[in-house]
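Trainee:
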Amino acid sequence: MSAKYTAPRGTKDILPSEMPFWHYVETTSRAIFDRYNYQEIRTPVFEHTELFERGIGDTTDIVEKEMYTFHDKGDRRLTLRPEGTAPIARAYVQHNLHGKQPISKLYYCGPMFRYERPQAGRYRQFHQIGIESLGSPLPICDAEVISLGVHLFDELGLSGLSVNINSVGCPVCRPVIEERLKQFIGMNLEHLCGDCNRRFDSRPLRILDCKNTTCKAYLTGLPDIRDSLCHECNDHFNYVVTYLDNLGIPFKINPQLVRGLDYYTRTTFEIVSDQLGAQNALCGGGRYDGLVTQLGGPATPSVGFAFGVERAVMILQELSDYHQSRLPLVYLAPIGFDQQSRCFRLADQLRRAGFRCELDPNKSELKGHLKFADRLDAEWVLIYGETEALAKSVVVKNMKNRTQETVKLDRVQGYLENDNISRPSHR
Ligand code: HAM
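By this note's numbering, the letter at position 136 of the sequence shown is numbered 137, and the numbering carries on one by one without gaps.
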């Protein structure tokens, strides 16, 4: 039967079978962020539209084409956040976080919204986990942020990843870079798409990020933009590269990596996967020294990254050796309606003692219970019929080695605890 209502195009339900992967990614991320002394921040899912127009840049694809913008009943112009960096910079200024400590190291997890053409790994509602380190201009911070990303993906067991890095310069050398680019691109402007033509005068660097295959073809042989970096940006880049070398992190310098957001200065980077198909970017980030000032705050050089949780989960699902362990299951099998209430109480006691328990009130016959317990991959079945009720005991059936024993009701918790310790998976 086909469903009358389906989730909107570009969104997806995350079903229980996929959840262990999500929990694994989230828990591992939090643990690694904690080791680098990052703390969580949560900002609203919608913000004033102007924040993104100013923060991300009004000629970017995100702002021009992809935002979910609406007027609320009070006629405010609001936008479902397409990314997390601008909202965090906004919160940083609003709550005066700069006054509290010299460097704020913040992380976030949550849904983002972009009206993009849906395809494998690209959604209109997707989830990002990201970090932002606000307050230091030093290249060692860029290297630490990149190395944190690499460490996290190593810990998650994601293989087939590579780090690409570049520098997009600063307000001093950006005009020089742009002029050189224009000289090169100008010769072929008529062959480039409408967007590239529009951006040629105002944001020529944007052209390097165009996804149009014809435009890409005309960009081969482009001069390396790093040749036009100012002295400071060049030094900064060389330091980042040296720190990464020091840590033994392999990376590739990609002179065309400009990223689709306007706030970047100096370092930009992406971590791509050979297992993601066309949407191969797992993680993107870089330095954004001007964003906080642009949003009305004090000069706050900053650097960060975000990765797509759907994409991390896609890679994990491909890995056959990934195994999510859950607590062993205790299945309670009351035989007959009269025994249900006592089993219900026993389940409550065991759950409070830390066991995962299932009790199916629709079944009252042993055969049905055992079949279902098998399907659930239960570790133990506690059989409680009339005989057991009279004897104040329960039959504990170990489903893995098919042995069983009668145990007094008041000793069953201790029995399971002992049996649990001696389970083969605990040896
Ligand atoms: P971004 O490159 O736009 O950067 O997004 C980061 C990651 O989010 C991408 O690498 C990708 O994994 C995931 N992602 C983006 N769009 C989609 C989509 N439509 N569907 C599924 N996944 C998607 C940023 O958002 C910056 N705020 C990152 C940053 C933090 N820069 C500095 N700090």
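Glycine included, C-beta positions come from ideal geometry on N, C-alpha and C. These numbers were taken from a predicted model, which means no experiment stands behind them.
#1: Hey, quick one: how far does the alpha helix (DSSP H) through F373 stretch, first residue to last?
#2: Since I316 and L277 are thought to touch, with beta carbons under 8 Å apart, how far apart are those beta carbons, to the nearest angstrom?
#3: Can you have a look at G187 and say buried or exposed, based on whether 16 or more other CB atoms are within 10 angstroms of its CB?
#4: Are the beta-carbon atoms of Y219 and D143 separated by less than 9 Å?
#5: Apart from the five residues on each side of it in sequence, which residues of its chain come closer than 7 Å, Cβ to Cβ, to R260?
#6: Looking at the ligand HAM, does it come within less than 8 Å of I226, judged from the CB to the closest heavy atom?
#7: According to the Cβ coordinates, are K334 and A390 closer than 9 Å?
#8: Under the DSSP definition of a beta bridge, which residues are partnered with A90?
#9: Is the distance from the Cβ of F22 to the Cβ of V314 below 9 Å?
#10: Alpha carbon to alpha carbon, how far is L347 from R82?
#11: By DSSP, does N363 sit in helix, in strand, or in coil?
#12: Do T29 and E156 have their beta-carbon atoms positioned less than 9 Å apart in this structure?
#13: Would you list the one or two residues that DSSP bridges to I384?
#14: Per the DSSP calculation, C110 is bridged to which residue(s)?
#15: Can you check which of these residues, E233, Y265, P119, V273, is closest to V151 by C-alpha distance?
#16: Using C-beta distances below 6 Å, list every residue in its chain close to C216, excluding the 5 sequence neighbours before and after it, in chain order.
#17: Which stretch, first to last residue, makes up the beta strand (DSSP E) that contains G286?
#18: Could you tell me which whole beta strand (DSSP E) segments of length 3 or greater appear in the stretch 211-276?
#19: In terms of alpha-carbon separation, which member of Y93, Q126, I89 lies closest to Y109?
#20: Looking at the secondary structure, which residues open and close the alpha helix (DSSP H) in which Q405 lies?
#21: How many angstroms separate the CA atom of G386 from the CA atom of Q414?
#22: How many Å lie between Y265 and L417 at the Cα?
#23: Is F308 helix, strand or coil by DSSP?
#24: Leaving aside the five residues before and after V94 along the sequence, list all residues of the same chain whose C-beta is less than 7 Å from its C-beta, in chain order.
#25: Put V164 into one of helix, strand or coil per three-state DSSP.
#26: Could you pull the DSSP bridge partners for Y124 from this structure?
#27: Mind checking M400: buried by the 16 CB within 10 Å criterion, or exposed?
#28: Nearest to S423 by CA position, among N255, P17, P329, S160, is which residue?
#29: Below 8 Å, how does it come out for the stretch 55-66 and the stretch 124-144: are there three or more Cβ pairs, yes or no?
#30: Could you compute how far the alpha carbon of L153 sits from the alpha carbon of R207?
#31: Please report the distance separating the alpha-carbon of R291 from that of D228.
#32: Distance check for H24 and E311, CA to CA, integer angstroms please.
#33: Does the ligand HAM have even one heavy atom less than 8 Å from the beta-carbon of M68?
#34: Can you tell me the Cα-Cα spacing of H427 and F356, whole angstroms?
#35: Is it the case that the CB of V1 approaches a heavy atom of the ligand HAM more closely than 8 Å?
#36: So is the beta-carbon of T404 under 8 Å away from any non-hydrogen atom of the ligand HAM?
Mentor: To lay it out plainly:
#1: Taking the sequence shown and counting its residues from 1, the one referred to as residue 373 is at position 372. 367-376 is the span of the alpha helix (DSSP H), which, as asked, contains F373.
#2: Numbered from 1 along the sequence shown, position 315 holds the residue referred to as residue 316. Numbered from 1 along the sequence shown, position 276 holds the residue referred to as residue 277. Rounded, the Cβ-Cβ distance is 7 Å, consistent with contact.
#3: The residue you call residue 187 lines up with position 186 of the sequence shown. Counting Cβ neighbours within 10 Å, G187 comes out exposed, since fewer than 16 surround it.
#4: Residue 219 sits at position 218 when you count from the first residue of the sequence shown. Residue 143 sits at position 142 when you count from the first residue of the sequence shown. Taking 9 Å as the Cβ cut-off, Y219 and D143 do not qualify as a contacting pair.
#5: As a working note, residue 260 is residue 259 in the sequence shown. Once the five neighbours on either side are set aside, the close Cβ partners of R260 are D210, T269, G285, G287.
#6: The sequence position of residue 226 within the sequence shown is 225, counting from 1. Incorrect: I226 has no Cβ contact closer than 8 Å to the ligand HAM.
#7: Indexing the sequence shown from 1 puts residue 334 at position 333. Indexing the sequence shown from 1 puts residue 390 at position 389. Residue 334 is actually Ala in this sequence, not Lys. Cβ distance not < 9 Å, so A334 and A390 don't count as in contact.
#8: Here residue 90 refers to the residue found at position 89 when the sequence shown is read from its first residue. Note: A90 sits in no beta bridge, so no partner.
#9: Numbered from 1 along the sequence shown, position 21 holds the residue referred to as residue 22. Numbered from 1 along the sequence shown, position 313 holds the residue referred to as residue 314. A contact, by the Cβ cut-off of 9 Å.
#10: As a position in the sequence shown, residue 347 is number 346, starting the count at 1. As a position in the sequence shown, residue 82 is number 81, starting the count at 1. Cα to Cα, L347 sits roughly 47 Å from R82.
#11: As a first step, residue 363 is located in the sequence shown; it is residue number 362 there, counting from the start. N363 falls in the coil class under three-state DSSP.
#12: Position 155 of the sequence shown holds residue 156. Position 28 of the sequence shown holds residue 29. The answer is yes: Cβ separation under 9 Å.
#13: Counting from 1 along the sequence shown, the entry for residue 384 is found at position 383. A334, V396.
#14: Translated into the one-based positions of the sequence shown, residue 110 becomes position 109. Beta-bridge pairing links C110 to I130.
#15: Counting from 1 along the sequence shown, the entry for residue 151 is found at position 150. Closest by alpha carbon: V273.
#16: On the sequence shown, residue 216 is found 215 positions in, with the first residue counted as 1. Cβ within range, chain order: L193, C194, C197.
#17: Within the sequence shown, numbered from 1, the residue matching residue 286 stands at position 285. From DSSP, the beta strand (DSSP E) with G286 extends over 282-288.
#18: 268-274
#19: Stepping through the sequence shown from its first residue, residue 109 is reached at position 108. Cα-wise, what sits closest to Y109 is I89.
#20: Counting from 1 along the sequence shown, the entry for residue 405 is found at position 404. Counting along the chain, Q405 falls outside any alpha helix (DSSP H), though it belongs to the beta strand (DSSP E) covering 404-409.
#21: Along the sequence shown, read from residue 1 onward, the residue named residue 386 stands at position 385. Along the sequence shown, read from residue 1 onward, the residue named residue 414 stands at position 413. Each residue's Cα considered, the two are about 18 Å apart.
#22: Stepping through the sequence shown from its first residue, residue 265 is reached at position 264. Stepping through the sequence shown from its first residue, residue 417 is reached at position 416. Distance between the alpha carbons of Y265 and L417: 57 Å.
#23: Against the sequence shown, residue 308 aligns to sequence position 307. DSSP places F308 in strand when its eight states are reduced to three.
#24: Locating residue 94 in the sequence shown gives position 93, where the first residue counts as 1. For V94, the CB contacts under 7 Å within the same chain, skipping 5 residues up- and downstream, are V293, L296, G297, G298 in chain order.
#25: If you number the sequence shown from 1, residue 164 lands on position 163. Taken through DSSP and simplified to helix, strand or coil, V164 comes out as strand.
#26: Locating residue 124 in the sequence shown gives position 123, where the first residue counts as 1. In the DSSP output, where bridge partners are listed per residue, Y124 has none listed.
#27: Against the sequence shown, residue 400 aligns to sequence position 399. So M400 ends up on the buried side.
#28: The residue given as residue 423 occupies position 422 in the sequence shown. For S423, the nearest C-alpha among the options comes from P329.
#29: Short answer: they don't touch.
#30: Taking the first residue of the sequence shown as position 1, residue 153 is located at position 152. Taking the first residue of the sequence shown as position 1, residue 207 is located at position 206. In a straight line, the C-alpha of L153 is about 30 Å away from that of R207.
#31: Stepping through the sequence shown from its first residue, residue 291 is reached at position 290. Stepping through the sequence shown from its first residue, residue 228 is reached at position 227. A small fix is needed here, since residue 291 is Gly in this sequence, not Arg. Straight-line spacing of the CA atoms in G291 and D228 works out to 22 Å.
#32: Along the sequence shown, read from residue 1 onward, the residue named residue 311 stands at position 310. Along the sequence shown, read from residue 1 onward, the residue named residue 24 stands at position 23. C-alpha separation (whole angstroms): 12 Å.
#33: What you label residue 68 is simply residue 67 of the sequence shown in a count that begins at 1. M68: no, Cβ never under 8 Å from the ligand HAM.
#34: Here residue 427 refers to the residue found at position 426 when the sequence shown is read from its first residue. Here residue 356 refers to the residue found at position 355 when the sequence shown is read from its first residue. Residue placement at H427 is flagged as unreliable, the pLDDT there being 43, under the threshold of 50; the coordinate-derived value follows with that caveat. Cα to Cα, H427 sits roughly 15 Å from F356.
#35: The chain is shown only over 2 to 428; residue 1 falls outside these bounds and no answer can be derived.
#36: The sequence position of residue 404 within the sequence shown is 403, counting from 1. No heavy atom of the ligand HAM is found nearer than 8 Å to the CB of T404.
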